[in-house]
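Shown next, in C-alpha cells, is the structure this report addresses.
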RNA sequence: GGAGACUUCGCCUAGUCUGGUCUAUGGCGCCGCACUGCUAAUGCGGUUGGGGUCUUAAAGCCCCUCCCGGGUUCGAAUCCCGGAGUCUCCGCCA
C-alpha cells in the first residue's frame with residue numbers, strides 16, 4: 116500500500132500523470148466520453164454556465180467551456196476526415212475483391228500512404244479526445260434548481276426532529292466509551308496506527324447491532340443486499356466521480372501488487388455503481404434498489420479537531436449505503452423515499468437530528484442535490500453528519516455508461532442514480548452514548564437494539 | 001503458480017482450420033402488426049451498442065464495434081504478438 120505516507124505524485128500512475136487502469140478500454144469517443152451532456156453544452160451553453168457558476172468561479176467556467184467547445188469542434192472535424200478516408204479504403208478493398216473474382220488485375224493506390232494517413236489522424240484524435248475527456252471530467256455536476264450557490268454557510272436547515280435531551284453534566288463519547296469499555300483506542304492505534312480503533316466487548320455488539328439492524332430494515336424496504344469487494348479497480352472510482360479529484364484521498368495498492376490499479380473503497384457507493392458499469396438495465400426493473408455494507412477506508416488529512424475525537428473521523432469506519440437506479444422521472448420520489456427511510460432509522464433510535472439542504476459548494480461535486488442528516492452531539496453542542504442522501508441525475512450514469520431502453524423505443528438513455536448512507540455508524544455510536552447517557556454514568560440502549568446488544572443499559576465494568 | 005479449452009450484437013448459438021457476397025447465422029426474449037370473446041397459441045415484420053453527418057424531427061447516409069490493445073494484408077470475427085477474463089485439470093494456501 117502506498118497510501119500510508121505523504122502522497123507521492125508519482126504513485127498516481129504510470130509516470131505520465133495519467134492514472135493506471137483508466138480509461139479501461141483505451142481511447143473512447145463513445146458512451147463514456149462525457150460526464151455532462153456534450154449535446155447540452157453545445158445547444159444551451161448559457162444554462163450550463165449558469166448552473167456551473169453556482170460551484171465555480173464564472174471566469175473559470177467560461178474558460179473551461181471555451182476550451183471544451185474548441186476541443187469538441189476539433190474532435191468532430193477529425194472524425195469526419197478519418198471516416199472519409201476509411202470509407203475510401205474500404206471501397207477500394209471491395210473493388211479489389213470484385214476485380215479478382217472477375218479475373219481482372221486489381222489495382223491499389225498507395226496502401227502504405229493511406230494507412231499512414233489514417234494512423235496519423237487517429238493519433239491526433241486520441242490526443243484531442245483525451246484532452247477533452249480531461250477537461251470534461253473536471254467539471255462538476257450541474258446543481259439542481261433549488262440548490263443555492265455558496266459553501267457551508269449557505270446550507271439551510273429544512274427539518275428538525277426531536278430536541279436536545281436535557282443532560283445535567285455532559286460527558287463526551289470518548290470518556291463514556293472508555294468508562295464503559297466499548298472502544299479500545301490505544302490498542303487500535305497500536306494495530307493500525309493513528310486513526311484506528313477497536314470496538315471491544317459490548318461496544319462491538321452495539322456496533323454490530325446497528326449494522327445488522329440496518330440490514331434488516333433495508334431488506335424490509337425492498338433493497339437488494341450486496342456484499343461487494345473492498346478493493347476496486349480505478350475505473351470504478353472514475354465512474355462514481357471520485358477520481359480524478361479525490362484520487363489522493365483514498366488508499367491505493369502499488370503498481371507491483373495491482374498493475375491495473377486498485378484502491379480501497381472510500382464508500383460502498385463506488386462499488387454499487389461500479390457493479391453495473393456498461394450495462395443496459397431492464398426498464399421494467401427500475402427503480403433498482405440495492406444496499407451494501409462495507410467498511411469505508413479514507414486517508415483523511417492528518418491533524419485532529421476537538422469535535423472529531425474518538426470514532427468521529429477515522430481511516431476506517433462502518434457504513435451501510437443505500438442506492439437506487441431510476442428512470443429520470445422516478446428520481447424525485449426516490450430521493451424522498453430514501454430520505455424518509457434513512458431518517459426513519461435515526462428516529463427509531465430516538466435521536467435528535469436535523470436535515471440540511473446543502474449549498475452547491477458544500478455538496479459532493481458529482482451530485483445535483485444533497486441533503487445531510489445530522490445528529491446532535493451534546494458534548495460539542497454541534498450536529499454531526501450521519502447520512503448524506505444525494506441525487507446525481509445522470510452524471511454518474513454517464514461516466515459509468517449505465518442506461519435503460521426507452522419503453523417502446525429503440526434509444527437508450529442514461530438512468531439516474533441516488534445514494535444515501537443508512538447509516539454511518541461511527542457518528543451514530545457516539546451520538547447514542549452522549550444522547551442517552553444517564554446521571555449515574557450508564558447509557559440506555561435504544562429499544563430497537565436491545566435484543567441484539569443483549570442488554571438495556573451499558574454500565575461501567 | 002503450471003497445462004489445456006474458451007470469450008461472437010440482452011441470453012444461448014453458427015461462422016474461425018481454408019481471410020473477401022460476414023454489410024454476422026439461428027433460437028430465446030423483447031417490440032409492432034395480423035388473427036382470435038380474454039389469455040395462450042400461431043403467422044408476418046422489427047430488434048447489438050456507440051460515434052459522425054443531415055434534419056424542426058424522423059428516416060437516410062457514413063465510420064467504429066465479433067473480450068481489450070497492437071501487427072500482417074488491398075482486405076481480419078477469421079492469421080500473428082501482447083493483455084484481461086471464464087471454465088477444466090494439477091499444484092499451493094486459508
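Numbering (my numbering), first residue to last: 116 to 576.
Heads up, the beta-carbon is just placed ideally off N, CA and C, and yes, glycines get one too.
Quantities reported herein were computed from a predicted structural model and do not represent experimental measurements.
CA nearest to the CA of residue i, picked from the options
{"i": "residue 323", "options": "572, 435 and 546", "result": "435"}
{"i": "residue 482", "options": "153, 222, 543 and 254", "result": "254"}
{"i": "residue 370", "options": "348, 387 and 388", "result": "348"}
{"i": "residue 462", "options": "289, 200 and 329", "result": "329"}
{"i": "residue 359", "options": "339, 248 and 398", "result": "248"}
{"i": "residue 474", "options": "439, 271 and 550", "result": "271"}
{"i": "residue 201", "options": "233, 295 and 174", "result": "233"}
{"i": "residue 338", "options": "403, 557 and 162", "result": "403"}
{"i": "residue 274", "options": "515, 514, 569 and 458", "result": "458"}
{"i": "residue 161", "options": "204, 172 and 180", "result": "180"}
{"i": "residue 237", "options": "476, 279, 189 and 507", "result": "189"}
{"i": "residue 278", "options": "533, 489, 575 and 503", "result": "489"}
{"i": "residue 574", "options": "566, 558 and 562", "result": "558"}
{"i": "residue 440", "options": "510, 288, 346 and 416", "result": "510"}
{"i": "residue 276", "options": "291, 498, 386 and 218", "result": "498"}
{"i": "residue 208", "options": "230, 265 and 386", "result": "230"}
{"i": "residue 508", "options": "515, 500, 533 and 471", "result": "533"}
{"i": "residue 415", "options": "356, 361, 383 and 375", "result": "361"}
Opposing strand residues paired with residue i [DSSP bridges]
{"i": "residue 506", "result": "484 and 533"}
{"i": "residue 379", "result": "346"}
{"i": "residue 239", "result": "None; residue 239 has no bridge partner."}
{"i": "residue 153", "result": "DSSP output for residue 153 lists no bridge partner at all."}
{"i": "residue 398", "result": "None, per the DSSP bridge assignment."}
{"i": "residue 499", "result": "490"}
{"i": "residue 353", "result": "Answer is none; residue 353 lacks a bridge partner."}
{"i": "residue 313", "result": "299"}
Assigned secondary structure, residue i (DSSP; H/G/I helix, E/B strand, else coil)
{"i": "residue 572", "result": "strand"}
{"i": "residue 167", "result": "helix"}
{"i": "residue 526", "result": "coil"}
{"i": "residue 416", "result": "coil"}
{"i": "residue 68", "result": "The shown model of the chain, from 116 to 576, leaves out residue 68, and the question about it has no answer."}
{"i": "residue 326", "result": "helix"}
{"i": "residue 566", "result": "helix"}
{"i": "residue 300", "result": "helix"}
{"i": "residue 387", "result": "helix"}
{"i": "residue 558", "result": "strand"}
{"i": "residue 144", "result": "The pLDDT assigned to residue 144 is 44, lower than 50, so where the model puts this residue is not dependable, and the model offers no usable value."}
{"i": "residue 125", "result": "Reliability of the predicted coordinates at residue 125 is poor, the pLDDT of 30 falling under 50, and the value obtained from them is presented with this limitation in mind. Residue state, collapsed to three classes: helix."}
Extent of the continuous alpha helix (DSSP H) to which residue i belongs
{"i": "residue 448", "result": "446 to 464"}
{"i": "residue 336", "result": "That residue, residue 336, is in no alpha helix (DSSP H); it is neither H nor E in DSSP."}
{"i": "residue 428", "result": "Run containing residue 428: none; DSSP gives neither H nor E here."}
{"i": "residue 544", "result": "540 to 550"}
{"i": "residue 360", "result": "Where residue 360 is concerned, there is no enclosing alpha helix (DSSP H), given that its DSSP letter is neither H nor E."}
{"i": "residue 188", "result": "173 to 217"}
{"i": "residue 293", "result": "288 to 294"}
Element boundaries [beta strand (DSSP E), containing residue i]
{"i": "residue 439", "result": "431 to 441"}
{"i": "residue 518", "result": "518 to 520"}
{"i": "residue 274", "result": "271 to 276"}
{"i": "residue 468", "result": "468 to 472"}
Quiz item: Touch check for the region 308 to 323 and the region 485 to 494: three-plus C-beta pairs under 8 Å?
Solution: No, the region 308 to 323 is not in contact with the region 485 to 494.
Quiz prompt | Any 3 or more C-beta pairs closer than 8 Å across the region 515 to 535 and the region 254 to 263 | solution = No, because fewer than three Cβ pairs between the region 515 to 535 and the region 254 to 263 fall closer than 8 Å, the two stretches do not touch.
Quiz item: Do the region 503 to 519 and the region 300 to 317 touch if we need at least three Cβ pairs shorter than 8 Å?
Solution: As far as the Cβ criterion goes, the region 503 to 519 does not touch the region 300 to 317, which means the pair count is below three.
Quiz item: Any chance the region 367 to 385 sits against the region 296 to 308, with 3 or more Cβ pairs inside 8 Å?
Solution: Taking a contact to require three or more Cβ pairs closer than 8 Å, the region 367 to 385 and the region 296 to 308 do not qualify as touching.
Quiz item: Three or more beta-carbon pairs under 8 Å between the region 542 to 556 and the region 489 to 496, yes or no?
Solution: As far as the Cβ criterion goes, the region 542 to 556 touches the region 489 to 496, which means the pair count is three or higher.
Exercise. Count the CB pairs spanning the region 421 to 430 and the region 533 to 542 that are closer than 8 Å, and state whether there are at least three.
Key: The region 421 to 430 vs the region 533 to 542: in contact.
Quiz item: Are the region 340 to 354 and the region 396 to 410 in contact at 8 Å, needing three or more beta carbon pairs?
Solution: The region 396 to 410 and the region 340 to 354 touch, with three or more beta-carbon pairs separated by less than 8 Å.
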